[in-house]
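Working notes, structure below.
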Amino acid sequence: MAAPSREAGRSRWTTSWAAAQTAPTATDTVASAGLTDGTFIANVRLSAGGQVRLRYGHAFGTKPVLVGPVAADGHAVTFGGQPQAWIAAGASLTSDPVAGLRTTEAALLTVETRLPGPTGPLSFHRNTHASHSVDGVRTTSVFLLTAVEVTAAHGPVIAVLGDSIAEGVGTPDDADLRWPDQLARRLPGSAVANLGISGNRVLLDDARFGPSGQSRFDRDVLSLPGLRTVFVHLGVNDLQQPPGQTDPTLVLAGYRQLVLRGSGAGLRVVGATITPFEGWARWTPGLEAVRQRINATVRTGRVFDAVADFDAAVRDPDRPSRMLPAHDSGDGLHPNPSGHAALAAAVDRRHLL
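Sequence positions in the sequence shown follow my numbering and run 1 to 353.
Laid out in structure tokens, this is it:
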């Protein structure tokens, strides 16, 4: 296959799809064991189209992993003109532009990756709420693949630094009804990169729920090409995940650090109020008071560059500590598709572009 042209190498690449990684735990059987002569197939919904290249990452690896052969929608993927390449532990790997492949906005791209192995434990995203496969067995996890980048005349990229709500808990698999998906449909010509991790927090790292928003900001957010805006959708897990954070000033200080780091990179940083969670097992009146204090400060406009009032979008006006039943998935914390639509509608597109 011919090597990619110099002109293609100079093209402006922008993010069309992305996923944030965590390290596997003992219950993540495939990721913790790794693969030998294994193939995983990822089906990813793009939010911008054009010529394609892939990015792999092994943020939590302890040894190099050989990747390839790889195909994207049946087109051979190369790395420096070769069908295989190594990802160093803790590093990333970007492919050549995929010859003969151009995608469209909202296309479903199928990426087939062979791992000769043995790989050892694999860095991965645990649940994308979409169907993929490992050696023919369905999974909702994506292994090593961290981004799809495209080159075309597109608007800006918006990265959502989020938790399980952004990740899509409460929405059906393969429906693309998470609020970042629904927001992307309101922003034709732009791209939305969903970096939600279930259980993720502003302040504390966790073995299962990944590095905190502060810890992963540089790797997950600032590494994305074409980025203009960061949308911070974190905070509820700082309150409800043990040890529950009862000092609102610490969460607010964490938000301000994210704003400073984003602003330092020339980015606009938009935040969201924390949604109600009465009915969730760990809700308490004391945590509700903390949530209200955080939200009151965020609404003043003195924390983020702009604010989406997610709390107001889904709360029950007759009982503001809980979600409106029509928006509740049933657990008190995670919105259903209707709730996700309300969240997406609460975002003023003028604050993003």
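Quick reminder that beta carbons are idealized off the backbone N, C-alpha and C, glycines included. Note that the structure is predicted; figures quoted are calculated from it, not measured.
Residue environment for P242: exposed (fewer than 16 other C-beta atoms within 10 angstroms of its C-beta). Residue environment: A159 is assigned as buried (16 or more neighbouring CB atoms within 10 Å of its CB, all protein chains considered).
DSSP places Q214 within a helical segment (H, G or I) once states are collapsed to three.
In the DSSP assignment, T110 is bridged to N43. Within 10 angstroms of the beta-carbon of R282 lie fewer than 16 other beta-carbons, which makes it exposed. Three or more beta-carbon pairs separated by less than 8 Å link the region 58-65 to the region 73-92, which places the two stretches in contact.
CA-to-CA, the gap between S131 and D218 works out to about 28 Å.
H132: not part of any alpha helix (DSSP H); member of the beta strand (DSSP E) spanning 132-134, first to last residue. Taken through DSSP and simplified to helix, strand or coil, T15 comes out as strand. Looking from the CA of P118, the closest CA among V314, A76, T39 belongs to T39.
Around the CB of G189, fewer than 16 other CB atoms lie within 10 Å, so the residue is classed as exposed. Nearest to A26 by C-alpha distance, out of P285, R208, V290, Q245, is R208. DSSP places L287 inside the alpha helix (DSSP H), whose first and last residues are 285-299. With a minimum length of 4 residues, the unbroken runs of alpha helix (DSSP H) contained wholly in the region 176-225 fall at 179-185, 213-216. Fewer than three Cβ pairs drawn from the region 194-213 and the region 317-328 lie within less than 8 Å of each other, which leaves the two stretches out of contact.
Residue pairing for T273: DSSP places it in no beta bridge. Within the same chain, and ignoring the five residues on either side of V98 in sequence, the residues whose Cβ sits closer than 6 Å to its Cβ are V52, A72, H75, V77. In this structure A85 is in contact with L93, their Cβ atoms being roughly 6 Å apart against a cut-off of 8 Å. Contact between the region 177-185 and the region 244-259 is absent: fewer than 3 CB-CB pairs across the two stretches fall below 8 Å. Here DSSP, grouped into helix, strand and coil, assigns L343 to helix. As DSSP reads the structure, G168 sits in no beta bridge. By the Cβ-count criterion, D96 is buried, with 16 or more other Cβ atoms from all chains shown falling within 10 Å of its own Cβ.
Separation of L343 and H233 (C-alpha to C-alpha, rounded to the nearest whole angstrom) is 11 Å. Contact annotation: L46 and T103 have beta-carbon atoms nearer than 7 Å. About 5 Å separates the Cβ atoms of L352 and T229, confirming a contact at the 8 Å cut-off. In the displayed model, T151 falls within a strand according to three-state DSSP.
When secondary structure is reduced to three states using DSSP, H75 falls in the strand class. Note: L145 is bridge-paired with Y56 in the DSSP secondary-structure output.
According to the DSSP assignment, F231 belongs to the beta strand (DSSP E) that extends over 227-233. Beta-bridge pairing by DSSP links T139 to H132. Taking the CA atoms as reference points, R114 sits about 38 Å from V270. Linking W280 to L333 through their CA atoms gives a straight-line distance of about 6 Å. Burial check for V137: the Cβ neighbour count within 10 Å stays below 16, so the residue is exposed.
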